[in-house]
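Okay, so here's the structure we're looking at.
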Amino acid sequence: MAEELNPFKIAQAQLDEAARVMGLDEQAHQILREPMRTLEFNIPVRMRDGKTRLFRAFRVQHNDARGPTKGGIRFHPKETLDTVRALASWMTWKVALADLPYGGAKGGIICDTKRMNDYELEGLSRGYIRALWRFIGPSIDIPAPDVYTTPQIMAWMMDEYSKMAGHNEFGVITGKPLEVWGSQGRNDSTAMGAMYVLREAAKYRRLNLKRATVAIQGFGNAGNFAFSLSRKLFGSKVVAISDSNGAIYDNGGLDYDRVLEAKEKYGRVQAYRGAERLTNEQLLELNVDVLIPAAIEDQITGKNADNIRAKILLELANGPVTNDADKILSGKKVFDLPDFLVNSGGVIGSYFEWLQNNSGYYWKADEVYRRLDEIITKSFRDVIAAQEAYAKSGKRVSTRTAAYTIAVDRVAKAMKARGWY
Ligand code: GLU
């Protein structure tokens, strides 16, 4: 049978597995399998050539039992409603695992940002908010950046919302530039959080990060900062990096500044000179200590999971590992750290930004990183403790399922207390 690659089906199956392991109440399980609210709309945008084009867009709010929903907006040519539904439910688990007072949401627009200029992107971003503004707000649903969306896009969106509402509302959206009250440290908080998780994972598995080799799939916000931070914080050697066009590999280590230059000048990391060229698939199978998928979903599947040779698999993207791959990986020695733990630094940074917007008092960068470290390190330890507790009672569960049981339990308890079941 062909493998299930629909991310929403994958997300539901992950929940089903956690529900089985923890003996979740069936009514709670049914509520959590489906998103609370799904919005789909079409946005007309006047393009540079004077013609209007229609863009399909989504926002899915999965569950708000623990607080307003939270999650990014993706601009992607292959966006689907089911992907957004999956990503929204993963946000619910992500914020619950970090114990933030939020629920989960996600948005998406089908568009190709590489073929759009700033004028068109601004029109699309503002159009999205005009269609959505009644359904979002600092105590309803708070968007943020994700794949192919930037701080500038967040600033336009915040501005459009403020115009619709009739007053400034900085806390409606996070990941904004500092000039309009973004937070110190938010830009690299996703990758920084992942580095704190990596530090703890390496301690737990007794891996010396100073001598470690690292391969990173993706050179967006998360992949880019993961590259510079793993060098800076641990002295690890990044031997491979990719973007959507392909990968480069040098066993002696890649030079960050030159990768950045290749990307900025020529739009692709393969413009880097003197490294071997690989495909994205080949990068995943390299014999490295740490593999960091930092691009998009469904990258490690039933087809290639057996070829993964890394010791630590740090899931920085959302949904990079399918359920078939999960099963194969758990039979191997790979220490697989689940996405909604590893990349939770992004939304933790967003939470800090929202707190600062709501109070009007702004923190220094050190404060942001210190608190981020505290929260995410606790999450890592909670997950390991849950996994070890299951093992003691004779149940072997993956780190992903262990993390799910913690998150699902918190959301289910909130729903119970509120009388939803
Ligand atoms: N898009 C990021 C994520 O998937 C951040 C979400 C947020 O900050 O709300 O976690």
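With numbering that gives the first Met the number 0, letter number 298 in the sequence shown gets 297, and the count goes up by one each step, no holes. Where is the CB? At the ideal position from N, CA and C, for every residue including glycine. All values reported here derive from a predicted model rather than from experimental measurement.
- In the DSSP assignment, D335 forms a beta bridge with L312.
- Relative to the non-hydrogen atoms of ligand 1, the Cβ of N342 comes within a distance shorter than 7 Å of at least one.
- A411 carries a helical assignment under DSSP once its states are collapsed to helix, strand and coil.
- Bridge partners of I307 according to DSSP: none are assigned.
- Fully contained in the stretch 62-126 are the following beta strand (DSSP E) runs of length 3 or more, in chain order: 68-74, 102-108.
- Runs of the beta strand (DSSP E) spanning 3 or more residues and lying entirely within the stretch 279-305 occur at 289-292, in chain order.
- In this structure, the beta-carbon distance from I42 to A130 falls below 8 Å.
- A143 sits in a strand when the DSSP states are folded into three classes.
- The beta carbon of D305 sits closer than 8 Å to the beta carbons of I327, K331 from its chain, once the five residues preceding and following it are set aside; these are given in chain order.
- Closest in C-alpha terms to L197, from the list R185, Q183, T212, N186, comes T212.
- Here F40 carries a strand assignment [DSSP, helix/strand/coil].
- Here M0 is exposed, its C-beta having fewer than 16 other C-beta atoms within 10 Å.
- Rounded to whole angstroms, the Cβ separation of S235 and Y255 is 12 Å, and the two are not in contact under 8 Å.
- D140 places its beta carbon less than 8 Å from that of P67.
- Within the stretch 323-378, the complete alpha helix (DSSP H) segments at least 4 residues long are 338-341, 343-358, listed from N- to C-terminus.
- Counting along the chain, R198 sits inside the alpha helix (DSSP H) bounded by residues 188-204.
- Under DSSP, D254 shares a beta bridge with no residue.
- Collapsing the DSSP output to three states places Q216 in a strand.
- By the neighbour-count criterion, in which 16 or more other beta carbons inside 10 Å mark a residue as buried, R58 falls on the buried side.
- Look at V237 here: in three-state DSSP terms it is strand.
- The Cβ atoms of I307 and L290 sit closer than 8 Å to each other.
- By the neighbour-count definition (other C-beta atoms within 10 Å, threshold 16), Q13 is a buried residue.
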